[in-house]
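Okay, structure first, notes after.
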Amino acid sequence: MKVLLVNGSPHEKGCTYTALTEVAKTLNEEGIDTDIYWIGTKPLTGCTACKSCARTGKCAFNDIVNDFLDIVKDVNGFIFGSPVHYAAASGAITSFMDCAFYTDLQGGRRSFNLKPAAAVISARRAGTTATFDQLNKYFTLTEMPIISSRYWNMVHGAKPEDVQKDLEGLQTMRVLARNMAWFLKCKEAGMKAGVQFPVKEDIIFTNFIRD
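Taking our numbering, the leading residue of the sequence shown gets -6, the next gets one more, and so forth.
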């Protein structure tokens, strides 16, 4: 089993990375393989709802989103990490997740469906809970079970050395990892025992304003 940890920070080895490596280390101890996927610093275009992905299965803006979607089908769980920028997730990971999740849904891939996910947030001081709420909304729209920890999944520090001193934050990362590993093992055991996935209904879209 594998968990993919997505680093949405512009700093490849910064505070967000430090938190994600604590999660990855504990997942490895639990027998779960991990990869950390850095979205980088190249420009990312936000989703324009052009819906070309419904025809092609790919995002019209041929950037790392399509590369990412090509590998997620073989991943069992996800951790998305972001720093706080103006009390919200980074602009880069927001654009990245908008395009990735929209393309996956409209393109009929369903690569995230019923796979466990969690958000990890890093900040110097504040804005963590707003960012945490923001990222969790992607998961609930995609039927992804959200894995929790013993506190909201956040670390604090202005640099990686500060995060290493946030002992409660690092413990929260380890608890999150163990809970993720436990869920994945339970899911695997259930599937081996013949537990079926939920019955899927056709998606119904309605508007608030009607004739």
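The beta-carbon is built from N, C-alpha and C at its ideal position, and this holds for glycine as well.
As the structure is a computational prediction, the values presented were derived from the model and not from experiment.
- DSSP, reduced to helix, strand and coil, places A170 within a helical segment of the structure shown.
- One thing to note: T14 has its Cβ no nearer than 8 Å to the Cβ of S115.
- When the Cα atoms are used, V156 and N172 turn out to be separated by approximately 21 Å.
- A distance of 8 Å or more separates the beta carbons of A174 and I72.
- For I202, there is no enclosing alpha helix (DSSP H), as DSSP marks it with neither H nor E.
- Contact between P3 and T34 holds: their C-beta atoms lie close to 5 Å from each other, under 8 Å.
- If you ignore the 5 residues before and after M(-6), its C-beta comes within less than 6 Å of the C-beta of I25, N69 and L177, all in its own chain and listed in chain order.
- Contact between E154 and L107 fails: their C-beta atoms lie close to 38 Å from each other, not under 8 Å.
- Residue pairing by DSSP places N55 opposite no residue, since no beta bridge is assigned to it.
- In the DSSP assignment, M147 falls within the unbroken beta strand (DSSP E) covering M147 to H149.
- Close CB contacts of L20 within its chain, under the 7 Å cut and outside five residues either way in sequence, are with V(-4), T27, A170, M173 and A174 (chain order).
- In the structure shown, the three-state DSSP call for K193 is coil.
- In this model, A186 and S104 are separated by some 23 Å (Cα to Cα).
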